[in-house]
Structure formats: C-alpha cells, structure tokens
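Below: the structure, in structure tokens.
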Amino acid sequence: MPELPEVETIARGVNKRIRGDRIVQVWFSRAPQTFKTPRKLQAEGLTGRTILAVHRTGKHIVFELSRSASEIDAQWIVHLGMTGRLLVSSPDFPVPAHTHARLFLESGRELRFVDPRRFGRLEFRDLNRRSAFAAPGDDPLAIGEPEFAALFRGRRSPIKAALLNQSLLAGVGNIYADESLFHSNIRPRRRANRLTRLELERLRLALCEVLNHAIRLGGSSVSDYVDADGERGFFQLEHCVYQRTGEPCRRCGTPIRRILLAGRGTHYCPNCQR
DNA sequence: CATTTCACCTGGTGGC
DNA sequence: TGCCACCAGGTGAAAT
11 MPELPEVETI ARGVNKRIRG DRIVQVWFSR APQTFKTPRK LQAEGLTGRT
61 ILAVHRTGKH IVFELSRSAS EIDAQWIVHL GMTGRLLVSS PDFPVPAHTH
111 ARLFLESGRE LRFVDPRRFG RLEFRDLNRR SAFAAPGDDP LAIGEPEFAA
161 LFRGRRSPIK AALLNQSLLA GVGNIYADES LFHSNIRPRR RANRLTRLEL
211 ERLRLALCEV LNHAIRLGGS SVSDYVDADG ERGFFQLEHC VYQRTGEPCR
261 RCGTPIRRIL LAGRGTHYCP NCQR
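Counting in the numbering used here, the first sequence runs from 11 upward without gaps.
This is how it looks when you write it as structure tokens:
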C-alpha cells in the first residue's frame with residue numbers, strides 16, 4: 011500500500027495515539043517471512059518497553075523504545091510492504107484476517123499489524139548491540155538541488171527505475187514516481203543521465219510538491235489503504251496519470267498511456283511528457 | 001558494480 | 001456461479 015505520504019500519515023497517527031504507552035504483552039502469527047528478527051527475540055525485546063516516539067524514515071516506520079521510560083535503548087521497525095496496515099484498536103474490536111502482530115498496551119488499547127500479502131517486515135533492534143536504523147537513500151523532501159542532480163549522474167537506467175531505487179531516494183514508489191514525472195513533463199523511459207540539470211530540478215520540485223500535497227490529504231487510498239484510525243486518504247482524487255489509462259489527460263485531453271517499466275505499470279501523457 | 005527480471009503472497013476485478 | 005487471466009502501494013535475490 012504505502013509510499014512516503016501514506017507511511018508518514020500512518021506514523022503520525024500512531025505516534026499521536028500511543029506515544030508514551032507501554033507494551034505489556036505481544037502476540038505474533040506464525041508467518042515466518044514477516045519476521046526479519048526471530049519472533050522470540052522480538053517478543054522479548056518489545057514486552058515491557060515504553061514507546062517514546064514513532065516516526066517515518068523512507069518507507070519504514072520506526073518505534074523508539076525504552077526499558078527505563080527515558081533513554082532510547084531499542085527500536086521496532088515496521089515496513090508495510092504492499093498491503094500492510096498498522097491499526098490502533100480497542101481490544102474488543104474484531105481481529106481482522108491476516109493479523110500478524112498484536113501489541114497489548116498498558117492503556118488497554120492494542121496496536122495491530124495486518125498484512126494479507128505478507129510483503130511487510132517486522133524488525134527489532136537492541137541499540138546496545140547494534141546501530142540505529144538508517145534508510146540507505148536520501149529523503150526526497152530534504153535533499154537539495156546539487157545532491158539530487160548528483161544522484162542520477164552516470165545512471166543509464168530509465169529515470170522512473172532510478173526514482174524507485176530506494177538506495178538513491180528513500181520513500182518514492184509507483185504512484186508518486188508516475189505523478190512527479192507527469193508534473194515535470196518527463197517521459198518515464200528517458201535515461202536518467204540524459205536529463206538536463208533544469209529537468210532534474212523540475213523533477214525534484216515536482217516530487218516535493220506532490221509528496222507534500224499527498225501528505226496534507228492523508229495519502230492515496232488506491233484500494234484498501236487506511237491510516238492508523240482506519241480513515242481513507244484523498245490524494246487518489248488528485249492523480250493525473252496513475253491508474254488513469256485511456257482517460258483524458260487533465261491538461262491536454264490526450265488519452266493516458268500505460269506501459270510496463272521495471273516490472274511495474276507505468277502511466278504517462280504521451281503529449282505532455284517528452 | 002549497475003541493471004533487469006522474477007519470486008514472494010493474497011485478493012479483487014472483469015471476461016467468458 | 002465458476003473458472004481463469006491479469007492486476008495490485010515493494011523489495012531482495014539471482015541472472016545478465
């Protein structure tokens with residue numbers, strides 16, 4: 011489900027609702043791929059710890075944890091994959107199918123991780139034994155013009171494939187790659203190293219605007235995405251190309267075209283994007 | 001190393 | 001109603 015705006019929305023919602031709460035008990039499903047750190051270690055690490063803060067890094071949600079309720083000594087890192095959800099629920103609310111984690115909190119509420127396709131991952135880090143989690147790529151909302159341009163120097167892959175590469179930029183996914191390329195008038199198949207400095211700067215600014223706009227609208231609810239409160243986002247109403255194959259371009263009326271690129275459905279306006 | 005392809009999963013949709 | 005093909009917000013391993 012989730013790219014940067016959806017993950018940001020969820021992290022903010024979870025932080026607002028359970029910051030300061032304490033994990034008193036943990037339940038995990040048996041799906042082995044879900045647990046990047048062995049289930050037993052995660053359960054032991056989480057139980058009894060206080061959640062000091064929750065925030066987003068790239069497409070990851072990071073829980074800052076503490077045994078002493080003051081100094082951060084551990085992290086719980088959640089990646090939602092394609093269909094993952096984090097929900098803060100009352101314990102009597104029915105447990106959805108495909109629930110893989112239930113964190114029972116001191117306040118009586120419950121944090122649930124639900125993930126039908128099981129592409130999501132849960133990881134626990136003891137900061138006394140390992141370094142803190144860091145995204146490999148740069149944050150597209152924080153990077154400046156020269157650093158952004160440098161990322162694509164010498165890259166011969168299509169610009170869209172480079173945008174999806176998380177070790178370059180952390181957080182851009184299929185929707186926002188297509189939308190930002192539309193708003194900067196660039197064809198997804200253009201080789202990254204063939205873009206002019208001016209085009210790259212248009213792309214950087216378009217990315218910032220699209221991502222910030224989407225965050226303001228609570229993300230894109232394409233099929234079943236909901237935030238920590240179960241609320242849908244509204245940015246899907248603003249999509250110009252993503253999943254609008256055959257529909258008229260909002261700017262020029264030309265039918266939106268769909269191609270396959272880097273294994274992903276890719277949408278663009280053949281007239282506006284060059 | 002850079003790049004591309006594919007497997008990993010379940011569920012929804014639309015055609016016949 | 002059933003069956004089948006195809007599609008879906010992501011990524012990491014394997015192949016090229």
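Beta carbons: idealized from backbone N, C-alpha and C, even for Gly.
This structure is a prediction, so every number in the text was calculated from the model and none was measured.
Exercise for the section: Starting from Thr19, follow the alpha helix (DSSP H) in both directions and report where the run begins and ends. Expected result: Working through the first sequence from its first residue, we reach residue 19 at position 9. Start and end: 14-28.
Exercise for the section: Kindly list the residues whose CB is nearer than 6 Å to the CB of Ile20, restricted to its own chain and excluding five residues on each side of it in sequence; keep chain order. Expected result: Looking up residue 20 in the first sequence gives position 10. Once the five neighbours on either side are set aside, the close Cβ partners of Ile20 are Leu96, Asp237, Ala238.
Problem - Which of helix, strand or coil DSSP assigns to Ala41 - result: For the purposes of this step, residue 41 is taken as residue 31 along the first sequence, with counting starting at 1. Coil at Ala41, not helix or strand.
Handout entry: Spatial distance of Tyr278 from Asp188 (CA atoms)
Key = Along the first sequence, one-based indexing puts residue 278 at 268. Along the first sequence, one-based indexing puts residue 188 at 178. Taking the straight line joining both Cα atoms gives about 7 Å.
Problem - Contact the region 105-120 vs the region 32-49: 3+ CB pairs below 8 Å - result: yes
Practice task
Would you identify the three-state DSSP class for Ser78, choosing helix, strand or coil?
Solution key: Counting from one through the first sequence, the residue named residue 78 turns up at place 68. Coil.
Handout entry: Bridge-paired residues (DSSP) for Tyr186
Key = In the first sequence, counting from the first residue as 1, residue 186 sits at position 176. Bridge partners of Tyr186: none, in fact.
Problem - Terminal residues of the beta strand (DSSP E) in which Ala107 lies - result: Start at 1 with the first residue of the first sequence, and residue 107 comes out as number 97. From DSSP, Ala107 is part of no beta strand (DSSP E); its letter is neither H nor E.
Problem - Beta-ladder partner(s) of Leu132, from DSSP - result: Residue numbering aside, residue 132 sits at position 122 when the first sequence is read from its first letter. Answer is Phe45, Val88, bridged to Leu132.
Practice task
Can you give me the Cβ contacts of Ile87 inside the same chain, cut-off strictly under 6 Å, excluding the 5 residues immediately before and after it?
Solution key: What you label residue 87 is simply residue 77 of the first sequence in a count that begins at 1. Excluding sequence neighbours, Ile87 sits near His70, Val72, Glu133, Phe143.
Exercise for the section: Please report the residue range of the beta strand (DSSP E) in which Val124 lies. Expected result: Taking the first sequence and counting its residues from 1, the one referred to as residue 124 is at position 114. That run of the beta strand (DSSP E) goes 120-124.
Practice task
Kindly give me the distance between the Cβ atoms of Ile28 and Arg119, rounded to whole angstroms, as I take these residues to be in contact under 8 Å.
Solution key: The residue given as residue 28 occupies position 18 in the first sequence. The residue given as residue 119 occupies position 109 in the first sequence. That belief holds up - the Cβ atoms of Ile28 and Arg119 are roughly 7 Å apart, short of 8 Å.
Exercise for the section: Using beta-carbon positions only, say whether Val98 and Leu121 come within less than 8 Å of one another. Expected result: Residue numbering aside, residue 98 sits at position 88 when the first sequence is read from its first letter. Residue numbering aside, residue 121 sits at position 111 when the first sequence is read from its first letter. Cβ distance < 8 Å, so Val98 and Leu121 count as in contact.
Exercise for the section: Determine the DSSP secondary structure at Phe73, reduced to helix, strand or coil. Expected result: Counted from its first residue, the first sequence places residue 73 at position 63. It is a strand residue.
Exercise for the section: Kindly confirm or deny that the region 258-278 and the region 39-58 touch, where touching means at least three C-beta pairs closer than 8 Å. Expected result: no
Exercise for the section: Let me know if Pro101 comes out buried or exposed under the rule of 16 or more other beta-carbons within 10 Å of its beta-carbon. Expected result: Start at 1 with the first residue of the first sequence, and residue 101 comes out as number 91. Classification for Pro101: exposed.
Practice task
Could you check the C-alpha separation between Ile196 and Arg139 for me, to the nearest Å?
Solution key: Position 186 of the first sequence, counting from 1, holds the residue named residue 196. Position 129 of the first sequence, counting from 1, holds the residue named residue 139. Rounded to the nearest angstrom, the two C-alpha atoms are 45 Å apart.
Problem - Closest Cα partner of Gln176 within the set Ile153, Asn203, Asp148, Pro156 - result: Start at 1 with the first residue of the first sequence, and residue 176 comes out as number 166. Of the candidates Ile153, Asn203, Asp148, Pro156, the one whose C-alpha sits nearest the C-alpha of Gln176 is Asp148.
Practice task
Write down the C-beta distance between Glu13 and Ile269 rounded to the nearest angstrom, noting that I regard them as a contact closer than 8 Å.
Solution key: In the first sequence, counting from the first residue as 1, residue 13 sits at position 3. In the first sequence, counting from the first residue as 1, residue 269 sits at position 259. That belief does not hold up - the Cβ atoms of Glu13 and Ile269 are roughly 20 Å apart, past 8 Å.
Handout entry: Exposure of Gly58, with buried meaning 16 or more beta-carbon neighbours within 10 Å
Key = In the first sequence, residue 58 corresponds to position 48, counting from 1. Gly58 comes out exposed.
Handout entry: Beta-bridge pairing of Arg204 - partner residues as DSSP gives them
Key = Translated into positions along the first sequence, residue 204 becomes position 194. Paired residues: none, contrary to the question.
Problem - Cross-strand partners of Leu271 (DSSP beta bridge) - result: Position 261 of the first sequence, counted from the start, is the residue given in the question as residue 271. Leu271 pairs with Arg274.
Handout entry: For Leu7, the first and last residue of its enclosing alpha helix (DSSP H)
Key = Because the chain in this structure spans residues 11 to 284, residue 7 falls outside the shown range and cannot be described.
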